[in-house]
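Novice: The structure is given below, and queries will be raised subsequently.
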């Protein structure tokens, strides 16, 4: 939990009270909860947070208690939950059906208590049922998968296209997996040598990779595409120089979607080059309702993000955070009920 504002101030509280469900809410036993880049930003106080607050927002669990006025759910149901808790319902985004963009929402893990804990309370209206046969360590990536599907929808990916993904973190590799499921003929994964372990995993999953600080990216992409460039790019690092790379490897009338929040501050982007080839550049934040159901259906149909995960018991949370920060793992997953 984050105990106070400022850099750090994160600890494991052993006497935290068990949650109880308000009307319309449920309590779940947390099976697993993934560490997101946002969690690292919260630790460094680079993302909004309201301490004291339990971190963790990518989770799967089983319902153990129903609050008043909850229907359609039962104790024992295995669920995941959208992050748009306490969306105001009154702002422009909410009134247009985009509650995921509500500036007033207080998501679990930074605005209200999250799931790096034995239990967490959640609103029943944002729950999604995990299909039988979908492994817990796949379901824990439902939220990142929904984010990527929302971005790919904005990209308008078509079967048979060439795609490049910049940034081999969880969002990047999940985007690559989903682009392949969506019919992309070729998917390249680009990343820096500091992400060597993640690039290795991308290759194990069948994706050609480019090490951007060691290889001539433009030459490699030109060789793959016959000098034309790729049809679509997913930029998942949040770095300005990565957006410039995305622009430069795109073919004329190509499309780019930016999913990364890098926290790197301002930087120069090759906007003139984007204009000169009439590129379409999208930005996408968070996830829409329908993409959660689609992510779970894809998992039931064979899409499997579990190879991205490495599991840690709750007491090893600091090691898990350190491994994510050092890019030694793609998706560290904390499992409160598991001990070494």
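Residue numbers (our numbering): 13 to 352. We put the beta carbon where it would ideally sit given N, CA and C, even for glycine.
Only counting runs of 3 or more residues, tell me where the beta strand (DSSP E) segments fall wholly within the segment 126-154, in order along the chain.
Specialist: Here the runs fully enclosed are 131-135, 139-141.
Novice: Since residue 120 contacts residue 127 with CB under 8 Å, what's their CB separation in whole angstroms?
Specialist: With 8 Å as the limit, residue 120 and residue 127 qualify as a contact, their Cβ atoms being about 6 Å apart.
Novice: Does the distance from the CB of residue 188 to the CB of residue 214 come in under 8 Å?
Specialist: Yes. Within cutoff.
Novice: Determine, using beta carbons only, whether residue 140 and residue 304 come nearer to each other than 8 Å.
Specialist: It is a contact, given that the beta carbons lie within the stated cut-off.
Novice: Does the structure place the segment 159-177 close enough to the segment 311-319 that three or more beta carbon pairs sit under 8 Å?
Specialist: The segment 311-319 vs the segment 159-177: no contact.
Novice: If you pair each beta-carbon of the segment 286-300 with each one of the segment 162-170, do three or more pairs fall below 8 Å?
Specialist: Touching, yes, given that three or more Cβ pairs across the two stretches are closer than 8 Å.
Novice: I'd like to confirm the pairing. Which residues does DSSP put opposite residue 178 in its beta bridges?
Specialist: Its beta-bridge partners are 202, 247.
Novice: So, with DSSP's three-state summary, where would you put residue 65?
Specialist: Strand, per DSSP.
Novice: Put residue 273 into one of helix, strand or coil per three-state DSSP.
Specialist: Reduced to three states, the DSSP call for residue 273 is coil.
Novice: How would you write the range of the beta strand (DSSP E) that residue 77 sits in, first residue to last?
Specialist: 70-78 is the span of the beta strand (DSSP E), which, as asked, contains residue 77.
Novice: Would you call the CB atoms of residue 169 and residue 343 closer than 8 Å?
Specialist: No, Cβ-Cβ distance for residue 169 and residue 343 is not below 8 Å.
Novice: Rounded to a whole number of angstroms, what is the C-alpha to C-alpha distance between residue 247 and residue 81?
Specialist: If you take the alpha carbons of residue 247 and residue 81, they lie about 42 Å apart.
Novice: May I have the straight-line CA-CA distance separating residue 137 from residue 217, to the nearest angstrom?
Specialist: Their backbone Cα atoms lie some 35 Å apart in a straight line.
Novice: Closer than 8 Å is the cut-off here; do at least three beta carbon pairs connect the segment 232-248 with the segment 183-200?
Specialist: Touching, yes.
Novice: What residue range is occupied by the uninterrupted beta strand (DSSP E) comprising residue 311?
Specialist: Looking at the DSSP string, residue 311 is not in any beta strand (DSSP E); the run it does join, the alpha helix (DSSP H), is 301-312.
Novice: Is it true that the CB of residue 204 sits closer than 8 Å to the CB of residue 223?
Specialist: In this structure, residue 204 lies closer than 8 Å to residue 223 by Cβ.
Novice: Tell me, to the nearest whole angstrom, how far the beta carbon of residue 267 is from that of residue 292; I am working on the premise that it is less than 8 Å.
Specialist: That pair is a contact at about 5 Å.
Novice: Output needed for residue 71: all residues of its chain with C-beta closer than 6 Å, excluding positions within five of it in sequence on either side, in chain order.
Specialist: If we look at residue 71 and ignore the five residues flanking it on each side, its Cβ neighbours are 42, 45, 127.
Novice: Within 10 angstroms of the Cβ of residue 328, are there 16 or more other Cβ atoms? Answer buried if so, exposed if not.
Specialist: Buried is the call here.
Novice: Give me, in chain order, the residues of the same chain whose beta-carbon lies closer than 7 Å to that of residue 332; leave out the 5 immediate sequence neighbours on both sides.
Specialist: Here the set comprises 47, 324, 344, 346.
Novice: I need the DSSP call for residue 239, collapsed to helix, strand or coil.
Specialist: Of the three classes helix, strand and coil, the one that applies to residue 239 here is coil, per DSSP.
Novice: So residue 74 and residue 84 are supposed to be a Cβ contact under 8 Å. How far apart are they, rounded?
Specialist: Residue 74 to residue 84, Cβ: 16 Å. No contact.
Novice: Specify the secondary structure class of residue 81 as computed by DSSP and reduced to three states.
Specialist: Here residue 81 sits in coil by DSSP.
Novice: In this structure, does DSSP put residue 116 in helix, strand or coil?
Specialist: Coil at residue 116, not helix or strand.
Novice: If you draw a straight line from the C-alpha of residue 286 to the C-alpha of residue 156, how long is it?
Specialist: Going from the Cα of residue 286 to the Cα of residue 156 covers about 28 Å.
Novice: Could you check whether residue 77 and residue 29 sit closer than 8 Å to each other, using their CB atoms as the reference points?
Specialist: For residue 29 and residue 77, no; Cβs fall outside 8 Å.
Novice: If I measure Cβ to Cβ from residue 100 and keep anything under 7 Å in the same chain, skipping five residues before and after, which residues do I get?
Specialist: For residue 100, where only same-chain residues beyond five positions count, the Cβ hits under 7 Å are 106, 114, 116.
Novice: For residue 241 versus residue 263, is the C-beta distance shorter than 8 Å?
Specialist: A contact, by the Cβ cut-off of 8 Å.
Novice: What would DSSP say about residue 184, mapped onto helix, strand or coil?
Specialist: Helix, per DSSP.
Novice: Applying the criterion that 16 or more other CB atoms from any shown protein chain within 10 Å of the CB defines a buried residue, is residue 49 buried or exposed?
Specialist: So residue 49 counts as buried.
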